[in-house]
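A.B. asks: Numbering (the UniProt record's numbering), first residue to last: 1 to 261.
We put the CB at the ideal spot given by N, CA and C, even for glycine.
Note that the coordinates shown come from a computational prediction; the quantities given were computed from them, not determined experimentally.
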Amino acid sequence: MLYGKTVVITGVSAGIGARTAELAVSLGADVVGIDINEPKDHCAGFIKGDLSHPEGISAVVRQLPTRFDALLNVAGISGKVGAEATLAVNFYGLRAFAEACAPSIREGGAVISVASVAGYGWRANIERAKAMVGEPGFPDIKAVMQKNGIPNEIGYPLSKELLILWTQKAAHAPLFKDRGIRVNAVSPGPVDTTILKEFRAVLGDQKVDSDIVRVGRAATASDIAPVILFLASDGARWINGANISNDGGLEASINAEVLGF
Ligand SMILES: NC(=O)c1ccc[n+]([C@@H]2O[C@H](COP(=O)([O-])OP(=O)(O)OC[C@H]3O[C@@H](n4cnc5c(N)ncnc54)[C@H](O)[C@@H]3O)[C@@H](O)[C@H]2O)c1
Numbered sequence: 001m002l003y004g005k006t007v008v009i010t011g012v013s014a015g016i017g018a019r020t021a022e023l024a025v026s027l028g029a030d031v032v033g034i035d036i037n038e039p040k041d042h043c044a045g046f047i048k049g050d051l052s053h054p055e056g057i058s059a060v061v062r063q064l065p066t067r068f069d070a071l072l073n074v075a076g077i078s079g080k081v082g083a084e085a086t087l088a089v090n091f092y093g094l095r096a097f098a099e100a101c102a103p104s105i106r107e108g109g110a111v112i113s114v115a116s117v118a119g120y121g122w123r124a125n126i127e128r129a130k131a132m133v134g135e136p137g138f139p140d141i142k143a144v145m146q147k148n149g150i151p152n153e154i155g156y157p158l159s160k161e162l163l164i165l166w167t168q169k170a171a172h173a174p175l176f177k178d179r180g181i182r183v184n185a186v187s188p189g190p191v192d193t194t195i196l197k198e199f200r201a202v203l204g205d206q207k208v209d210s211d212i213v214r215v216g217r218a219a220t221a222s223d224i225a226p227v228i229l230f231l232a233s234d235g236a237r238w239i240n241g242a243n244i245s246n247d248g249g250l251e252a253s254i255n256a257e258v259l260g261f
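1. Below 7 angstroms, is the gap between the Cβ of Pro190 and the nearest heavy atom of ligand 1?
2. Mind checking which residues open and close the beta strand (DSSP E) that includes Asp178?
3. Quick one: what does DSSP say Arg67 is sitting in, helix, strand or coil?
4. For a test of your reading of the model: does the CB of Asp50 fall under 7 angstroms from any non-hydrogen atom of ligand 1? Yes or no.
5. Just to check my reading of the structure: Gly76 and Val89 have Cβ atoms closer than 8 angstroms, yes? What is that Cβ distance to the nearest angstrom?
6. I'd like to check one pair, Ser113 with Thr66: are the Cβ atoms closer than 8 angstroms?
7. From Ser245 to Asp140, what distance separates their C-alpha atoms?
8. Suppose you measure from the CA of Ala96 to the CA of Val61; what does that come to, to the nearest Å?
9. With burial defined as no fewer than 16 other Cβ atoms inside 10 Å of the residue's Cβ, what is the status of Gly189: buried or exposed?
10. Residues in the same chain with beta-carbon distance under 7 angstroms from Val25, minus the five sequence neighbours each way, listed in chain order, please.
11. Is any heavy atom of ligand 1 found at a distance shorter than 7 angstroms from the C-beta of Asn125?
12. What first and last residue would you give for the beta strand (DSSP E) that runs through Phe46?
13. Starting from Ser26, trace the alpha helix (DSSP H) both ways and give me its first and last residue.
14. List the whole-angstrom C-beta distance separating Leu163 from Leu94, where the pair is believed to meet the contact cut-off of C-beta under 8 angstroms.
15. Verify the contact flag: Leu167, CB atom, against every heavy atom of ligand 1, threshold strictly below 7 angstroms.
16. Cβ of Gly249 within 7 angstroms of any heavy atom in ligand 1?
17. Candidates Leu23, Ser187, Glu38: which alpha carbon is nearest Trp122's?
18. Val208 to Gly82, Cα distance in whole Å?
19. Could you tell me the alpha carbon to alpha carbon distance between Asp205 and Gly119, rounded to whole angstroms?
20. List the endpoints of the continuous alpha helix (DSSP H) containing Asn246.
21. Closer than 6 angstroms by C-beta to Gly241: which residues in its own chain qualify, once you throw out the five before and the five after it? Chain order, please.
22. Under 7 angstroms from any heavy atom of ligand 3, does the C-beta of Val215 make it?
23. Taking 7 angstroms as the cut-off, is the beta-carbon of Ile254 closer than that to any non-hydrogen atom of ligand 1?
24. Phe46 to Gly216, Cα distance in whole Å?
25. State yes or no: is the C-beta of Ile181 nearer than 7 angstroms to some heavy atom of ligand 1?
Following this line, the structure appears as structure tokens:
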């Protein structure tokens, strides 16, 4: 499915990113992995870097291949460290990195970001999301939070709301669209990785357990990786600007509750 393609994967040293890299290799891709932490297993194309600030992003971009087929934005943090740092990694850093990578992505290539069912509120909070996504480049996040009255506790869901909105806008932005680069997102519910323990601390056991009960179990990274890679493949050539729920039916269950069907 990915034979001969080069894919760049952020967050490659753990959880969903690590599994996605492993599967990509078995499907014939060359992988360039990026993470702030070293991977457990040796990875030929590994670049160590911090994607939470402009200097870290530039340093990684300088080491990337001049041409690749897909960028998979998997790196993310739970919100435990506060909204400013969370928005820096999960949204503003991710977007700045994707925009910096765009000229190196081959015509007809793809950008896939891991969002979350936690970003479900993007429609309900659309004016806030529009204002925050409308801040160009890598803004002064503290100032943006102040301007939009953002409390520290909502950093994680907010970061994913912004990511889901940006995905739809980016699909039609000349930077990507003019070269046929598709921009999509995958939204998991709870996935059994190290971040899930942090979600329990941030959101509370009750919220996490109720999401798991709705669909019978937490996902594994192996449930998520194939969907990310499908979106990077030519089989997904007509999917653009989409946010694919990959959650065992969690979003459908929330829709039923919110919309009363
Ligand atoms: N696990 C879940 O329940 C769940 C649910 C929905 C969405 N997600 C999303 O999936 C993605 C992957 O999460 P995971 O479950 O694999 O978590 P994880 O903690 O296992 O992996 C995240 C990886 O991102 C890396 N990373 C963090 N900050 C970085 C930075 N500044 N620069 C470079 N790399 C950085 C970490 O070192 C780690 O290797 C995240 O975006 C997360 O929000 C996870």
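C.D. replies: Answer, in terms of the structure:
1. Within the cutoff, so yes.
2. No beta strand (DSSP E) contains Asp178, which DSSP labels as neither H nor E.
3. coil
4. yes
5. 6 angstroms
6. It is not a contact, given that the beta carbons lie outside the stated cut-off.
7. If you draw a straight line from the Cα of Ser245 to the Cα of Asp140, it comes to about 31 angstroms.
8. The C-alpha of Ala96 lies about 11 angstroms from the C-alpha of Val61.
9. buried
10. The beta carbon of Val25 lies closer than 7 angstroms to those of Val31 in the same chain, with the five residues before and after it left out.
11. no
12. 46–48
13. Its alpha helix (DSSP H) spans residues 15–26.
14. 7 angstroms
15. It should be pointed out that residue 167 corresponds to Thr in this sequence rather than to Leu. For ligand 1, not one heavy atom lies less than 7 angstroms from the Cβ of Thr167.
16. no
17. Per the Cα distances, Ser187.
18. The alpha-carbon of Val208 is positioned some 19 angstroms away from that of Gly82.
19. 19 angstroms
20. It is not in any alpha helix (DSSP H) - Asn246 instead sits in the beta strand (DSSP E) that spans 243–246.
21. Gln168, Ala171
22. No copy of ligand 3 occurs in the structure displayed; its ligands are ligand 1 alone.
23. no
24. 36 angstroms
25. no
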